[in-house]
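In our numbering, the protein residues as written are 1 to 444.
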């Protein structure tokens, strides 16, 4: 079972540069928490401070009743055994195969026999899907496999706290999804306290029980997932929804001039998605019923979110309970249409865009694509005429043949009718001649 981490007034500086100050939060035991923030806000520094690799300038970190910044080195060494860390790049030894990399903490910190070590290593490799890759070197495997090997190594000492430093960094969306599922399943199995530092908004919106956001050297907010996903705090709203409008600029924060140029109207909050469940359908102990925090605090969920009454509130643009509402195509910062959009408008029409406001949908339909059918090129028109002529000729052929046959039959009929009397007369003459000849032959 995981342990609680309580942080009070934590401050860290490098010389005269303040990384963050007066950070206070509580990571609940056995729950998954995510720490977000723009680049350069000291998220990785926070992880290193939690594990005791960096000493803070002020503040406290309470774990099992012990204040880490004030512990002696020997006692700090013992507390560190509670931690498992998945570093951003995996931090594997390049000269060791995966088996030896994963076995390293056991050989270094325990007196277990090689048979026991083998049993533990293979168990963790099976948990992370690495069975069969024991003898491969880190340079012979993919980035996703290196992440899983680093995670297996972090698990071999059965830690009660696991820290993840951007586990999805450098991974494609499919591998990130698999890793997220693995994290959720592991939490259900070992019930450790997880803290994930990430930039991936999809992970932050679906995986954790709690979310925190570092911004401008302070902790902007920390709390249950639904609290932050429904928050109107500008920086929280902007970051969690990946929006350009808000106080965060290209260089951390925008100046007064940039903020004044914005309309002041923020896009509507997207629906709160369901939390990622375990792959076998188990309910984790730390999972809260969907919509519970919203109901407890009387907060209206964004349109399309789960209302806690067995259905999704608001109207969905694409149908289906978990669908995201359709959004308008992103425009240029000065409102001009791009060349591609102008060309697209001349050739065909986009589908209707649905914008959700307070649970109702508004559709903006445009002209049908069929009313703006592009003109054919001369070559295409010629081919089309040739095809039409050929088809017409083919269609006319049977009719022409039938007409010819009919005409021939009509011509043949009168001729046959006219020839019949002549034939009859010829027959009569032949008979008469034969009779006369017989009469002459019978005389004396």
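Ideal placement from N, C-alpha and C gives every residue a C-beta, glycine not left out. All figures in this text were calculated on a predicted structure; none of them were measured in a lab.
For residue 94, no alpha helix (DSSP H) encloses it, and the DSSP letter there is neither H nor E.
The C-beta distance from residue 154 to residue 90 rounds to 10 Å, too long to fall under 8 Å, and the pair is not in contact.
Taking a C-beta distance under 7 Å as the contact criterion, residue 7 and residue 61 qualify as a contact pair.
In this structure, residue 198 lies away from residue 226, with their beta-carbon atoms at least 7 Å apart. Selection 113, 98 and 73 evaluated against residue 140 yields 98 as nearest (Cα-Cα).
Between the C-alpha atoms of residue 289 and residue 34 there is a straight-line separation of about 19 Å. Excluding its 5 nearest sequence neighbours in each direction, residue 187 has C-beta neighbours in its own chain below 7 Å: 32, 194 and 284, listed in chain order. Counting along the chain, no beta strand (DSSP E) covers residue 173; the unbroken alpha helix (DSSP H) around it starts and ends at 173-190. Here the alpha carbon of residue 49 sits roughly 10 Å from the alpha carbon of residue 42. At the C-beta level, residue 45 and residue 163 stay beyond 7 Å of one another. Between the beta-carbon of residue 224 and that of residue 271 there is about 17 Å, and that puts the pair past the 8 Å contact cut. When the beta-carbon positions are compared, residue 133 and residue 102 stay at least 7 Å from each other. One thing to note: residue 138 has its Cβ no nearer than 7 Å to the Cβ of residue 71. Closest by C-alpha distance to residue 9, out of 30, 25, 207 and 168, is 25.
Here residue 67 is exposed: its Cβ has fewer than 16 other Cβ atoms, across all protein chains shown, within 10 Å. When DSSP states are grouped into helix, strand and coil, residue 267 belongs to the coil group. Under the 10 Å beta carbon count, residue 30 is surrounded by 16 or more other beta carbons and is classified as buried. The criterion of a C-beta distance shorter than 7 Å is satisfied by residue 88 and residue 169. Between residue 213 and residue 236, the C-beta gap is smaller than 7 Å, which places the two residues in contact.
Remark: C-beta atoms of residue 219 and residue 23 approach each other more closely than 7 Å. In the three-state DSSP reduction, residue 87 falls in the coil class, being neither helix nor strand. A distance of 7 Å or more separates the beta carbons of residue 11 and residue 4.
Inclusion of residue 36 and residue 204 in the CB contact set at 7 Å is warranted, their separation being smaller than that value.
Rounded to the nearest whole angstrom, the CA to CA distance from residue 105 to residue 171 is 26 Å. If you draw a straight line from the Cα of residue 292 to the Cα of residue 229, it comes to about 13 Å.
At the C-beta level, residue 190 and residue 83 stay beyond 7 Å of one another.
Secondary structure of residue 276 (DSSP, three-state): coil.
With respect to the C-alpha of residue 52, the residue from 40, 74, 300 and 39 having the closest C-alpha is 74. Counting along the chain, residue 45 sits inside the alpha helix (DSSP H) bounded by residues 43-50. Spanning the alpha carbons of residue 286 and residue 277 requires a straight line of approximately 11 Å. For residue 58, the closest C-alpha among the options 144, 143 and 18 is that of 18. Its Cα nearest to that of residue 146, the residue 128 stands out among 156, 128, 54 and 192.
Between the beta-carbon of residue 210 and that of residue 69 there is about 23 Å, and that puts the pair past the 8 Å contact cut. Cα atoms of residue 231 and residue 299: separation of roughly 9 Å, rounded to the nearest angstrom.
Spanning the alpha carbons of residue 295 and residue 274 requires a straight line of approximately 16 Å.
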